[in-house]
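Listed in order, the protein sequences are those of chains A and B. Take the first sequence: its position 48, counting from 1, is numbered 90 in our numbering, and each next residue is one higher. Take the second sequence: its position 96, counting from 1, is numbered 188 in our numbering, and each next residue is one higher. Reviewing the structure listed below.
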Amino acid sequence: MIRGRVIKYGDDVDTDVIIPARYLKHGADPEVLRRHAMEDLDPEFPVKVRERRIIVAGRNFGYGSSREQAPLALKYAGVEVVLAESFARIFFRNAINVGLPVMEVPGISEVVEDGDEVKVDLRSGLVRVTGKGELRGTRIPDFLMEILEAGGLVPYLRRRFHAEDSPDSG
Amino acid sequence: MRTAIEKILARASGRDVSVGDIVEAEIDVYMTHDPMGALVEDALNEIGAGVKHPERVVAIQDHFVPAKDIESAILSMRLREFHRRFGFGSYYEVGRGGICHVVMPEEGHVVPGDVVVGTDSHTPTSGALGAFAVGIGATEMAAAMALGRLWFKVPPTILIRGEGSFPPLVHAKDLILKVISTIGTDGAIYKVLEFDGPAVRELEMDERFVLTNMSVEAGAKTGFISPDEVTFRYLEGRASKPPRPEYSDRGSFEEELTFDVSSLEPLVAAPHSPANVRAASEVDEEIDQAFIGSCTGGRLSDLKAAVRILRGRKVSERVRLIVIPGSRRVYREALRMGLIESLVESGAAVGPPSCGPCLGAHLGVLGPGEVGISSSNRNFRGRMGHPESRVYLASPSTVAASALTGRVTDPREVVS
């Protein structure tokens, strides 16, 4: 269960505002990513995220580039979950792979306002909005939930490679 | 009734598939580049795995090259060392390759029917050759390299039919901008855009790559064009393996949309979205910089289109024209044909093959408040430089015409 207050954004929050390309030369340096997350969209983000660790957004969150630094930047900044009407597909996969929970919640941008308090149960897909009732998100498929619960694709595969005698079989 | 993509994924996963299934497909071609190679190798090291098919990996130095500063030099070194450690099938050093999405098809790394993954969102470019080509993140690339396979949800396909014939000075870029503005930036999320129809069939490969490349700007998983004589002629002398072409069955599409290109006019995508499209003739704005380059505007046909507008004329006093050939092959051919000389005469600054300013990396970054027009594929806020800069996307003809006049210009206005 993830619980907390919301920072809200609109549609088409693209990868280039989540983490501008000018910082990609630093690889995936956590300090650089943390410091510059959302810089071109919302300069107040670093202050907001200290208190509010849930992002709610509209359609097509993570639109654009395949840079994994985008979900990493949000994760390093302290974001605990992103709930959106829909996600760009590469961002969605990248987020799960780096261990940042993301869930599609149709209708959420209509109901939830900046600063609202929400409770999120990823397993059931249920989102409870304090004083406003419940929304049902699209449950994350079980095999992706396993990756998420392992902390991301790297720890998930490390386990798999070291648990099997012949990791290449199959 | 199956789409070409379902058939390719069925072959690659060794089972029957239909839309919505989650399958594990064998990967035929892996592509990575300097901004992501180090992250891929780090993830592989953490997983504790090697590369199952190094001979299928293509590594290309293209984003921050030639190195613009120490950090990018380190990323470049890391890609070079990654290649040396595993002995990849192909490696393109600075100056000997170019932009990955120009180089991949041009050097014959992709054939029809291939499953291609790349650590770059514009990997769908190669879909114009009849391949299933998708962009993935660095960690996922490490997983795919380690396992030789990757999971995919079998996507439905939307057919985009181009009817009619392209008018003069109207390009594939204008058609794809029209498509993106019609279906929206998320109009094809988790879906494939397949392009067909007489207007698409009359395009050479250079222009077809623009359609599949920018499918991702409509949210698509990939873009696809089934192979025909144009494709097979392009593959002659390049492809190193036999093609396995697949074709969509009639009636297998989730949706079919028709666009009559005969009535299409030169378009621009205004700041800050590729879907914010209007006629070039309707925009009244001065520009500071014009850029002809990138994986949707740096091919030979793009440079030819620019020269057709600019030959013997000078670009506006107020404008910097930046020209970056997309690859060594494009550069060499453009030199041989006198295109580079002509562009330099017109006032262009010509850079070495690289992604350059497309993603605000180097070689023409915009300052605060500056306005650029670009033959590239994205105009998000801050994409080409300062967050207060503004970018119009357009065809090479429209970019060249705008460089000439110093304002966003319909190319038909400057050609007699």
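We put the beta carbon where it would ideally sit given N, CA and C, even for glycine.
Bridge partners - residue i, DSSP secondary structure assignment
{"i": "LYS22/A", "result": "Residue 22/A is absent from the structure shown; chain A starts at 43 and stops at 212."}
{"i": "ASP58/A", "result": "Paired residues: none, contrary to the question."}
{"i": "PHE244/B", "result": "VAL115/B"}
{"i": "LYS161/A", "result": "ARG45/A and ARG170/A"}
{"i": "VAL208/B", "result": "VAL121/B and ALA225/B"}
{"i": "VAL150/B", "result": "MET123/B and SER182/B"}
{"i": "THR314/B", "result": "VAL284/B"}
{"i": "PHE509/B", "result": "Residue coverage of chain B in this structure runs from 93 to 508, which leaves residue 509/B outside it and unanswerable."}
{"i": "GLU146/A", "result": "ALA126/A"}
Pick from the options that is closest to residue i, judged by C-alpha positions
{"i": "ILE281/B", "options": "ILE61/A, ASN102/A and ARG94/A", "result": "ASN102/A"}
{"i": "GLY149/A", "options": "VAL162/A, VAL98/A, ILE138/A and SER166/A", "result": "VAL98/A"}
{"i": "GLY140/B", "options": "GLY390/B, ALA238/B and LEU435/B", "result": "ALA238/B"}
{"i": "ALA440/B", "options": "TYR484/B, ASN305/B and ILE384/B", "result": "ILE384/B"}
{"i": "SER257/B", "options": "ASN305/B, ARG370/B and VAL353/B", "result": "VAL353/B"}
{"i": "PHE324/B", "options": "GLU232/B, LEU242/B and VAL202/B", "result": "VAL202/B"}
{"i": "THR274/B", "options": "LEU402/B, GLU116/B, VAL369/B and VAL143/B", "result": "VAL369/B"}
{"i": "ILE61/A", "options": "ASP53/A, MET43/A and LYS117/A", "result": "LYS117/A"}
{"i": "GLY276/B", "options": "ALA63/A, ALA130/A and GLY141/A", "result": "ALA130/A"}
{"i": "LEU327/B", "options": "LYS160/B, ALA220/B, GLY452/B and ALA398/B", "result": "ALA220/B"}
{"i": "VAL121/A", "options": "GLU152/A, LEU168/A and ALA137/A", "result": "ALA137/A"}
{"i": "LEU83/A", "options": "VAL491/B, GLY474/B, THR95/B and SER168/B", "result": "GLY474/B"}
{"i": "PRO449/B", "options": "GLU480/B, GLY461/B, SER419/B and VAL415/B", "result": "VAL415/B"}
{"i": "MET429/B", "options": "LEU455/B, GLY418/B, LYS396/B and GLY404/B", "result": "LYS396/B"}
{"i": "SER110/B", "options": "ASP120/B, PRO503/B and ALA96/B", "result": "ALA96/B"}
{"i": "VAL422/B", "options": "GLU409/B, LEU242/B and VAL194/B", "result": "VAL194/B"}
Exposure of residue i, with buried meaning 16 or more beta-carbon neighbours within 10 Å
{"i": "ALA235/B", "result": "buried"}
{"i": "GLU93/A", "result": "exposed"}
{"i": "ARG148/B", "result": "buried"}
{"i": "GLY212/A", "result": "With a pLDDT of only 39 at GLY212/A, under 50, the local geometry of the prediction cannot be trusted, and the value read off the model is given with reservation. It counts as exposed."}
{"i": "ALA205/A", "result": "exposed"}
{"i": "ILE432/B", "result": "buried"}
{"i": "ILE162/B", "result": "exposed"}
{"i": "VAL89/A", "result": "exposed"}
{"i": "THR249/B", "result": "buried"}
Pair within 8 Å by beta-carbon distance, residue i and residue j
{"i": "HIS125/B", "j": "SER489/B", "result": "no"}
{"i": "PRO146/B", "j": "GLY179/B", "result": "yes"}
{"i": "SER446/B", "j": "VAL246/B", "result": "no"}
{"i": "ILE379/B", "j": "VAL207/B", "result": "no"}
{"i": "GLU377/B", "j": "VAL500/B", "result": "yes"}
{"i": "GLY229/B", "j": "PRO216/B", "result": "no"}
{"i": "THR172/A", "j": "GLU159/A", "result": "yes"}
{"i": "THR57/A", "j": "ARG135/A", "result": "no"}
{"i": "LEU171/B", "j": "GLN153/B", "result": "yes"}
{"i": "VAL193/A", "j": "LEU131/B", "result": "Residue identity check: residue 193/A is Gly in the sequence provided, not Val. No, these two residues do not count as a Cβ contact at 8 Å."}
{"i": "VAL399/B", "j": "LEU435/B", "result": "yes"}
{"i": "VAL467/B", "j": "SER494/B", "result": "The identity of residue 467/B in the sequence shown is Ser, whereas the question assumes Val. No, they are not a contact pair."}
{"i": "HIS155/B", "j": "ALA371/B", "result": "no"}
{"i": "GLY443/B", "j": "LEU458/B", "result": "no"}
{"i": "LYS161/A", "j": "ARG45/A", "result": "yes"}
Cross-chain neighbours of residue i in chain A, by beta carbon under 7 Å
{"i": "LEU131/B", "result": "GLY69, ALA70 and GLU110"}
{"i": "ASP212/B", "result": "SER108"}
{"i": "LEU167/B", "result": "LYS67 and GLY69"}
Chain-ordered chain B contacts of residue i [CB-CB under 7 Å]
{"i": "ASP84/A", "result": "Those within 7 Å of ASP84/A in chain B number zero; the least Cβ separation is about 11 Å."}
{"i": "PHE236/A", "result": "Not covered by the structure: residue 236/A. The range shown for chain A is 43 to 212."}
{"i": "VAL140/A", "result": "THR231"}
{"i": "VAL196/A", "result": "ALA135, GLU138, ILE139 and THR231"}
Under 9 Å from the C-beta of residue i: neighbouring residues of chain B
{"i": "PRO51/A", "result": "Inspection of the sequence shows that residue 51/A is occupied by Tyr rather than by Pro. Per Cβ cutoff of 9 Å: no residues; TYR51/A is ~13 Å from chain B at best."}
Neighbouring residues, chain B, relative to residue i (Cβ below 8 Å)
{"i": "ARG76/A", "result": "The premise fails here: ARG76/A is roughly 16 Å from chain B at the closest Cβ pair, so nothing lies under 8 Å."}
{"i": "PRO62/A", "result": "GLY452, GLY474 and PRO479"}
{"i": "ALA130/A", "result": "ASP278, ILE281 and GLY311"}
{"i": "ARG135/A", "result": "ILE228, GLY229 and GLU232"}
Amino acids of chain A, ordered along the chain, whose beta-carbon sits closer than 9 Å to that of residue i
{"i": "ARG470/B", "result": "ASP56, ASP58, GLY106 and SER107"}
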